[in-house]
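**Student:** Residue numbers (the numbering used here), protein chains in the order written: chain A, 464 to 704; chain B, 315 to 911. Think of the CB as a built atom: it goes at the ideal place given N, C-alpha and C, for glycine as much as any other residue.
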């Protein structure tokens, strides 16, 4: 099995099942037995790191190391380093100050974010973007790609956490901001985005606080685009009226 | 815990929606979920191998076997002295019949060497061979935990439990069979390519030999004599070229290069373009890479100027044409090799130098030859004899170090030898630099077109250094000669014959069976035809086709190597890897983490 087979959600399932650390071993750069699977694996691991740290889990718990099958000593060294590190960090959640349902929820947020269409697409394109470039031939630096990933990771994680926290009860901006440890403005912006995608709506107003109902799935894309264009562009201008 | 997640898990998708926060909280009930078997009774037999003392010497195999019997779905377990012996294999076959086993787990050594044997045993007993699961408790356990018997035993139990969890979810599979066109294409017309083409042609296969240069023969055209036979390299290679040209089964395309490669084992379409003719497509079943190597021109090393300081290949030229006038010769080895920019040892330059030094001593009366080396690579009895022979003949071997390399000045070479501890100043009228073989410039292009890997030095990388030295991981493509690594002429010839022999297996059969460990569209409904899978596939094994339900991914099974990059990229989770499904992998992870609480 190529390291390129390691789907971030496989990694997250492992954490969800109680692993305190996950080690991914790949071929040396330029020596991949499947041509470039290790590059894909590196891209996935680096984005998984971003997601883990966004949800408050120490990204060091996921380690990727490269070695050839002839490098036994290196494998021993990496494995020993890894187990020592995980022993030092202790059980998952301990050094992070997360436990029980809260830890599970954070991990589930990470899993869903990593499984999202947007992240899968941009991760999948990473090798191409940093090698051949996009369709305009623009090659992106690690730094540029990193910034783009940071933004998408923040959006996706925030959205998934809203979905998870709101799946059984109505939620308000204030409560969400508190549990997400972010500003109410940020939450509201996300909710408005979600409303546009058909994933959120105001169900009722309690006192002066709107209560939102959220859904995991939005409307189909085509309908959404149509709504958006109408909402943004409005009706075509007609000088007669 | 509510039963819903369990239902979901068995739903239409390969990939279960597992591990929601609720699931995690319900630790106890998880056990059952892990242990739940798909429909139909699963009857697993587990065989734990002692491997003499290789395994049982370092862990308690009996204890592991007793433990295995307690695992869910395991109806039979046994400890064997040697599972791979005739008795061990018979035992497995009998147990399959006697205990109506429909899954077999063997915990022993490495699948690399023994999986085919145990799979065959299953097949002979009437069990689909993909219902066999191999657990490695030797390389992965007993050998690395010597002296920690309890820990090793516990780890072996963990590994067996994981194997059983996967075995429970294995499905019968059929190998993929595809026809093989009985023709070969050999890239490179040096000694390796010529030998390989001839060998294939003699077996009755049509061969197309593509050579980039105007003439066949490769590097040997510039070499003087061959060691140890003393045969003229030119005469030798000319006789091979003659045979190739005479053969009715070999088509030679000179001044030609490979432009594009499409297809897979059995049905490659290679477009070859040549200077004087238009490009044409060659349809072939297998491809052999024999693109060779080049000698590094030692520009910038030890004052190389091509006149007073020359390369070993230039010296060969002088010797061949009888133009060697110098009598005081200094050879410097490792010129441009085993340095920071080029870390590898080119392996053949020591012997080339010793060959030429001996020849000069023999043919030029009164000649003195100093050979300055860092280490000498004279492997094997014959080479060692040649080295001793050169010494006896008066070739002076002087050791030097990387930190303090020889200095070439006008008419003399200064060198300080760590062995003798002396500084020497050697008068000379010709300095010969033994520079390493380096990969051909075109290697990277060929590697990209064939989708086969290069190593860090840009030589072609075989599938396995010991077990598959002439194969690439991609089926139907083989490598030989110096394209793979610096090699002597006799080694290149052996490799070429080896590659021809290996390539002729699918050619003779006329079909190949491919392991059904390939990607598959497990959820066609979900596929949106976005094309990410096709974009990331390193083998061109995924294409997007128009169907009545819109664009969908389609897998070309024979081209797929089962790496799984496509499956991990699919945001719809529409792609799975057969025999390594997400469910099987997750089951193993869960069995490890949750199984023995």
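Counting only beta-carbon separations shorter than 8 Å, does residue 756 of chain B have a partner in chain A?
**Tutor:** So no, residue 756 of chain B is outside the interface.
**Student:** Just reading off the alpha helix (DSSP H) that residue 468 of chain B is part of, what are its end residues?
**Tutor:** Per DSSP, residue 468 of chain B belongs to the alpha helix (DSSP H) from 463-482.
**Student:** For residue 870 of chain B, which of helix, strand or coil comes out of DSSP?
**Tutor:** Coil, per DSSP.
**Student:** Assign residue 615 of chain B to one of two classes, buried (16 or more other C-beta atoms within 10 Å of its C-beta) or exposed (fewer than that).
**Tutor:** When all chains shown are included, residue 615 of chain B counts as buried.
**Student:** Let me check understanding here. Comparing Cα to Cα, which of B:728, B:662, B:696, B:364 lies closest to residue 684 of chain B?
**Tutor:** Of B:728, B:662, B:696, B:364, the residue nearest in Cα terms is B:728.
**Student:** Listed in chain order, which residues of the stretch 887-910 of chain B have Cβ atoms closer than 9 Å to some Cβ of chain A?
**Tutor:** Here the close residues are 887, 891, 894, 896, 899, 900, 903, 904, 906, 907, 908.
**Student:** How should residue 810 of chain B be labelled, buried or exposed, when 16 other C-beta atoms within 10 angstroms of its C-beta is the threshold for buried?
**Tutor:** With 16 or more Cβ atoms within 10 Å of its Cβ, residue 810 of chain B is classed as buried.
**Student:** Are the CB atoms of residue 388 of chain B and residue 360 of chain B within a distance shorter than 8 Å?
**Tutor:** Their beta carbons are under 8 Å apart, which means residue 360 of chain B touches residue 388 of chain B by this criterion.
**Student:** In its own chain, which residues sit with a C-beta less than 8 Å from the C-beta of residue 761 of chain B, not counting the 5 before and 5 after it?
**Tutor:** Here the set comprises 767, 768, 774.
**Student:** What does residue 513 of chain B reach in chain A if we use C-beta pairs closer than 9 Å?
**Tutor:** Near residue 513 of chain B there are no residues of chain A at all, since even the closest Cβ is about 27 Å away, more than 9 Å.
**Student:** Under the assumption that residue 561 of chain A contacts residue 535 of chain A (Cβ atoms under 8 Å), give the Cβ distance between them as a whole number of angstroms.
**Tutor:** Not quite, the Cβ-Cβ distance comes to about 37 Å (not below 8 Å), so this is no contact.
**Student:** Cβ of residue 644 of chain B within 8 Å of Cβ of residue 492 of chain B?
**Tutor:** No. Outside cutoff.
**Student:** For chain A, check one thing: does any of its Cβ atoms lie closer than 8 Å to the Cβ of residue 768 of chain B?
**Tutor:** Yes, residue 768 of chain B counts as interfacial toward chain A.
**Student:** Just to confirm before moving on: does the CB-CB distance between residue 419 of chain B and residue 356 of chain B stay below 8 Å?
**Tutor:** No. Outside cutoff.
**Student:** Based on DSSP bridge pairs, tell me the residues matched to residue 675 of chain A.
**Tutor:** Answer is A:634, A:665, bridged to residue 675 of chain A.
**Student:** Pick helix, strand or coil for residue 785 of chain B, following the three-state DSSP scheme.
**Tutor:** In the structure shown, residue 785 of chain B sits in a strand (DSSP, three-state: E or B).
**Student:** Ignoring anything shorter than 4 residues, give me the alpha helix (DSSP H) runs that lie fully in the stretch 477-554 of chain B, in order along the chain.
**Tutor:** For the stretch 477-554 of chain B, whole alpha helix (DSSP H) runs of length 4 or above, ordered along the chain, are 505-516.
**Student:** Are the C-beta atoms of residue 787 of chain B and some chain A residue less than 8 Å apart?
**Tutor:** It does: the Cβ of residue 787 of chain B has a partner Cβ on chain A nearer than 8 Å.
**Student:** Should residue 712 of chain B go down as buried or exposed, given a rule of 16 or more other Cβ atoms within 10 Å for buried?
**Tutor:** Looking at its Cβ environment, which holds 16 or more other Cβ atoms inside 10 Å, residue 712 of chain B is buried.
**Student:** If the cut-off is 7 Å on Cβ atoms, which residues from the stretch 869-882 of chain B count as contacting chain A, listed in chain order?
**Tutor:** From the stretch 869-882 of chain B, only 875, 877, 878, 879, 881, 882 have a Cβ closer than 7 Å to chain A.
**Student:** Output, in chain order, the set of chain A residues within a Cβ distance shorter than 9 Å of residue 849 of chain B.
**Tutor:** Residues of chain A passing the Cβ test: 587, 588, 591.
**Student:** Run through chain B and tell me which residues come within less than 8 Å of residue 503 of chain A, C-beta to C-beta.
**Tutor:** Within 8 Å Cβ-Cβ: 850, 879, 882, 883.
**Student:** Just the chain A side, please: which residues come within less than 8 Å of residue 764 of chain B by C-beta, in chain order?
**Tutor:** Here the premise fails: no neighbours, minimum Cβ distance about 10 Å.
**Student:** Determine, using beta carbons only, whether residue 699 of chain A comes closer than 8 Å to chain B.
**Tutor:** In this prediction, residue 699 of chain A has a pLDDT of 44, which is less than 50 and means its spatial position is unreliable; nothing more can be read from the coordinates.
**Student:** Measuring CA to CA, which of B:364, B:648, B:553, B:430 is closest to residue 530 of chain B?
**Tutor:** The candidate whose alpha carbon is nearest that of residue 530 of chain B is B:553.
**Student:** Give a yes or no on whether the minimum CB-CB distance between residue 657 of chain B and chain A is below 8 Å.
**Tutor:** By this cut-off, residue 657 of chain B is not an interface position.
**Student:** Whole angstroms are fine: how far does the CA of residue 480 of chain B sit from the CA of residue 900 of chain B?
**Tutor:** Going by the C-alpha atoms only, they are around 9 Å apart.
**Student:** Can you tell me where the beta strand (DSSP E) holding residue 534 of chain A begins and where it ends?
**Tutor:** Element bounds for residue 534 of chain A: n/a, residue is neither H nor E.
**Student:** In this structure, does DSSP put residue 346 of chain B in helix, strand or coil?
**Tutor:** With a pLDDT of 36 at residue 346 of chain B, under the threshold of 50, the modelled position of this residue cannot be trusted; read the value that follows with caution. Helix.
**Student:** Beta-carbon of residue 751 of chain B versus every beta-carbon of chain A: anything under 8 Å?
**Tutor:** Chain A, which has no Cβ nearer than 8 Å to the Cβ of residue 751 of chain B, makes this no.
**Student:** Can residue 848 of chain B and residue 856 of chain B be called in contact, C-beta distance under 8 Å?
**Tutor:** It is a contact, given that the beta carbons lie within the stated cut-off.
**Student:** Which residues in the same chain have their Cβ closer than 7 Å to the Cβ of residue 575 of chain B, if we skip the five residues on either side of it in sequence?
**Tutor:** The answer, listed in chain order, is 582, 584, 763, 764.
**Student:** In or out: residue 499 of chain A buried (at least 16 other Cβ within 10 Å) or exposed?
**Tutor:** With 16 or more other Cβ atoms within 10 Å, it is buried.
**Student:** Pull the bridge partners of residue 360 of chain B from the DSSP assignment, please.
**Tutor:** B:391, B:419, per the DSSP bridge assignment.
**Student:** Roughly how many angstroms lie between the CA atoms of residue 645 of chain A and residue 634 of chain A, to the nearest whole one?
**Tutor:** Using only the alpha carbons, I get a separation of about 15 Å.
**Student:** Using DSSP bridges, identify the partner residues of residue 565 of chain B.
**Tutor:** B:522, per the DSSP bridge assignment.
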